[in-house]
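For reference, the structure is listed below as structure tokens.
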Amino acid sequence: MRIILLLALLLFAPQLVLAQGYIDVTAPASRKLKIFVAPTSLPGEAAPQVGQELSELFGFDLGLAGPFEISPRDAGMAGADLVLKSAYSVQGGGVTLECRLVDQVLNREVTAKRYTGGARELRRMAHAFSDEVLRAVTGQKGPFTGKIAYVTKASGNKEVFVMDYDGRNPQRVTNNGSINLKPDFAPSGKEIIYTSYKKGNPDLYRRELFTGLEARISSRPGLNAMGAFSPDGSKIALVMTKDGNSEIYLIGRDGKELARLTNSHAIDVSPAWSPDGSRIVFVSDRLGKPQVFIMDADGGNVRRLTANGAYNVTPRWSPKGDRIVYARKEGSGFQIYAINPDGTQDTQLTSAGSNEHPRFSPDGRFVVFSSTRSGSEGVYLMRADGTSQTRISPSNGQDSHPTWSGNM
Amino acid sequence: MKRGLTARYPGPGGMFIVSFLCHAVALAIVANWNLFGELKPDETPVTYVDMVTLPVASPQSGTPAPAAEKAVEAPPQPAAPPAPPPVMSHPVQPAKPAKPAAKAPAAATPGNAKETPAAESNDFTQRMAKLEQLAQERRQAEVLERLKKKGTRTGMPGAKGAEAGSDYPTYLQSRLKDALKEVMVSQTKSPYVIATITVSPDGRIAQYHVEKGSGDPLFDDAVQRAVTLAGKSLVPPPGGAKFKGMFRFRPEGVGINK
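Residue numbers (the working numbering), protein chains in the order written: chain B, 97 to 504; chain E, 434 to 691.
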């Protein structure tokens with residue numbers, strides 16, 4: 097009887113059509129996600145310029161990021177995959193900004209944040225939400241709340257300044273009327289090291305950005321320059337000439353010498369760490385002309401990286417470790433190239449004007465560099481594939497040697 | 434159980450009835466699971482006779498378009514003689530009676546001036562009709578050739594996937610392809626997603642389950658958007674059944690890195 101019941105159950109059970117194996121679904125090349133930045137709504141006190149500023153800021157950040165195409169204001173939400181909605185309220189000197197990212201196709205809220213702070217922090221709040229949008233959509237946070245340190249001659253001398261990544265809000269770091277060069281951020285983004293001639297000799301200084309406290313950490317005879325923090329922030333690779341010619345050394349945060357990494361008759365300069373701290377890329381003319389080399393972090397296992405070009409300088413490792421950017425001399429100027437750490441896929445990224453000092457953004461999406469393409473030297477940024485090259489220098493002075501901090 | 438059956442032996446007639454019931458149930462299950470395809474009563478062998486009338490350059494397999502529905506229902510009407518196809522309605526036949534007249538006019542000069550243009554027009558019409566027919570035959574041959582090359586089974590334009598002989602997996606694949614084209618976005622070189630999709634008997638996506646994600650959030654979300662978009666206009670699976678299939682989504686022309 098049970099068997100008959102079982103058979104009857106199977107007989108009258110809902111039918112199920114099963115497809116065997118995979119069914120392939122393919123589509124042509126990738127497009128961009130259409131995102132519509134909705135006009136900012138304003139509960140409470142009116143400040144219309146704020147809404148306009150926010151819309152422009154979101155449009156700039158996300159348009160530059162790469163995966164997005166900003167839908168024009170006239171088009172409205174129709175056809176957009178994502179909609180960014182924002183609202184703010186002003187109470188006295190404080191501002192509350194609330195932002196939401198909505199997926200129109202899936203009909204769900206992707207992410208939402210509320211920021212509260214002073215009115216001067218409004219742009220920073222908006223950049224923070226741009227970072228959040230990238231995190232929610234691509235899985236990796238954006239670099240828009242990071243700062244860019246650079247050297248400028250706007251005041252007549254070479255001074256170190258810090259600005260927002262989009263060139264807004266420039267702030268002076270040094271004001272000594274001397275020559276200040278080659279800034280580099282600590283991984284925390286709260287400290288900076290740079291070389292200054294303010295006491296006559298090119299010495300290395302470490303400065304806390306928020307307190308302004310400063311220490312001279314290397315003042316050995318000769319050059320103390322091109323300092324580069326290790327990824328954990330505990331060590332600094334530095335070029336010194338105290339032993340005759342320029343060599344690369346390792347020092348602690350306090351300036352104590354830990355090791356000498358190179359020991360050759362040639363000039364060894366421009367050290368930069370791999371993201372895991374196991375290797376250092378640098379420039380040496382030990383084979384006659386300046387070329388890019390890689391060595392282990394203890395100075396061993398040196399091998400040549402660049403095989404093309406007669407003059408390759410200022411290498412920097414990407415945060416993911418998959419690419420190294422550097423500048424190659426071509427004619428009377430330089431162009432920026434990117435290469436894999438194994439020496440393959442050597443690709444030119446710039447072609448207009450002379451372009452130098454490339455540095456990756458902390459997420460590896462962008463490269464910031466200095467260029468003379470518009471006459472005076474200025475700071476530019478581009479995507480890591482060389483697209484969307486944009487000038488961000490806040491002044492028409494000579495801006496150079498940019499470096500991008502981690503998010504602060 | 435065995436002893437119980439032995440104790441209540443129903444006799445030869447009862448045994449016959451029990452045996453008959455068991456066999457009937459077993460047969461019904463086998464036929465229902467399509468273990469013997471030919472036993473399924475509502476399916477006919479897949480034929481391609483409708484394919485020769487493909488009207489578009491790039492047919493979308495199984496597009497449930499209203500116009501296509503009319504085209505499917507249309508065939509009984511052309512069978513009626515009063516409405517012949519436009520090509521056949523050209524005055525090809527009436528041109529023949531003009532031939533005898535064409536011989537006579539060699540002597541009869543008055544009518545010559547009027548009849549010669551008419552004959553030329555008829556010839557031209559005939560040639561055009563032939564050319565059109567040739568072109569149509571060539572198009573049909575090309576379509577058949579493409580179908581042969583493409584594979585053994587494919588969806589039909591205008592089909593709903595519910596007709597006898599139609600292919601629901603191919604229909605669904607076509608709908609998903611169209612949707613993925615609309616929302617395709619990725620940030621890695623060769624992402625792919627393997628997902629199980631269940632379509633309920635009323636044509637809704639009952640379940641979308643990712644078996645293997647691509648590791649590329651942009652592409653994973655794009656696939657989910659494609660499934661959502663495709664699910665808005667699906668026709669129910671044939672026979673009032675659920676459909677469950679495993680799909681692999683990937684960019685076109687990109688290999689799979691396993």
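From the three backbone atoms N, C-alpha and C, an ideal C-beta is built for every residue, glycine too. Please read all numbers here as calculations on a predicted model, not as lab measurements.
Under 7 Å between C-beta atoms of residue i and residue j
i: D654(E); j: S619(E); result: no
i: F636(E); j: P669(E); result: Here the sequence assigns Gly to residue 636(E), which means Phe is not the residue at that position. In contact: G636(E) and P669(E) (Cβ atoms closer than 7 Å).
i: V179(B); j: A134(B); result: yes
i: D364(B); j: I390(B); result: no
i: V388(B); j: N408(B); result: yes
i: S315(B); j: D339(B); result: no
i: A118(B); j: M679(E); result: The sequence shown places Tyr at residue 118(B), rather than the Ala named in the question. Against a cut-off of 7 Å, the Cβ pair of M679(E) and Y118(B) comes out as a contact.
i: V229(B); j: L197(B); result: yes
i: A448(B); j: P411(B); result: no
i: G242(B); j: W500(B); result: yes
i: I289(B); j: G318(B); result: no
i: L567(E); j: V121(B); result: no
i: M336(B); j: N359(B); result: no
i: V475(B); j: S489(B); result: yes
i: T631(E); j: K677(E); result: yes
i: K656(E); j: V626(E); result: In the sequence under discussion, the amino acid at residue 656(E) is Val, which differs from the Lys named in the question. For V656(E) and V626(E), yes; Cβs fall inside 7 Å.
Run of the beta strand (DSSP E) containing residue i, from where it starts to where it stops
i: H642(E); result: 638 to 645
i: S380(B); result: 375 to 380
i: N451(B); result: 451 to 456
i: Y442(E); result: Here Y442(E) belongs to no beta strand (DSSP E), and DSSP marks it neither H nor E.
i: M43(B); result: One cannot answer for residue 43(B) here, as it falls past the ends of chain B, which runs 97 to 504.
i: S470(B); result: No beta strand (DSSP E) contains S470(B), which DSSP labels as neither H nor E.
i: L300(B); result: 297 to 304
i: A333(B); result: 331 to 336
i: G429(B); result: 429 to 435
i: G460(B); result: G460(B) -> no beta strand (DSSP E), and no H or E assigned at all.
Cβ of residue i within 7 Å of any chain B Cβ
i: T558(E); result: no
i: E644(E); result: no
i: Q566(E); result: no
i: M617(E); result: yes
i: M679(E); result: yes
i: Q569(E); result: no
i: E685(E); result: yes
i: T629(E); result: no
i: F682(E); result: yes
i: R658(E); result: yes
i: L667(E); result: no
i: K563(E); result: no
i: T661(E); result: yes
CB contact below 7 Å: residue i versus chain E
i: V166(B); result: Reading off the sequence shown, one finds Ile at residue 166(B), where the question assumed Val. False, the Cβ-Cβ gap to chain E never drops below 7 Å.
i: R127(B); result: yes
i: P458(B); result: no
i: P415(B); result: no
i: T443(B); result: no
i: Y211(B); result: no
i: L202(B); result: yes
i: G235(B); result: yes
i: P239(B); result: no
i: V198(B); result: no
i: I390(B); result: no
i: I244(B); result: no
i: V463(B); result: no
i: T122(B); result: yes
i: I119(B); result: yes
Extent of the continuous alpha helix (DSSP H) to which residue i belongs
i: D611(E); result: 601 to 616
i: R219(B); result: 218 to 234
i: F652(E); result: 650 to 664
Bridge partner(s) assigned by DSSP for residue i
i: C195(B); result: S182(B), K209(B)
i: Y246(B); result: F257(B)
i: M448(E); result: For M448(E), which the question treats as bridged, DSSP gives no partner whatsoever.
i: P375(E); result: As displayed, chain E neither begins before 434 nor continues past 691, which places residue 375(E) out of reach and without an answer.
i: E565(E); result: In the DSSP output, where bridge partners are listed per residue, E565(E) has none listed.
i: Y293(B); result: According to DSSP, which records beta bridges pairwise, Y293(B) is partnered with nothing at all.
i: N320(B); result: M336(B)
i: G214(B); result: G190(B)
Inspect the CB distances between the segment 399 to 416 of chain B and the segment 434 to 451 of chain B and report whether three or more fall short of 8 Å. Touching, yes, given that three or more Cβ pairs across the two stretches are closer than 8 Å.
Between the segment 200 to 215 of chain B and the segment 223 to 236 of chain B, do at least 3 Cβ pairs fall closer than 8 Å? Output reads yes: the segment 223 to 236 of chain B touches the segment 200 to 215 of chain B.
Touch test, the segment 417 to 430 of chain B against the segment 446 to 461 of chain B, Cβ-Cβ under 8 Å, three pairs minimum: Contact holds between the segment 417 to 430 of chain B and the segment 446 to 461 of chain B, because three or more Cβ pairs, one in each stretch, are under 8 Å apart.
Looking at C-beta atoms only, is the number of pairs between the segment 275 to 290 of chain B and the segment 243 to 250 of chain B that lie closer than 8 Å three or more? Touching, yes, given that three or more Cβ pairs across the two stretches are closer than 8 Å.
When you compare the segment 250 to 267 of chain B with the segment 444 to 451 of chain E, are there three or more beta-carbon pairs, one atom per stretch, that lie closer than 8 Å? Taking 8 Å as the limit for Cβ pairs, the verdict is that the segment 444 to 451 of chain E does not touch the segment 250 to 267 of chain B.
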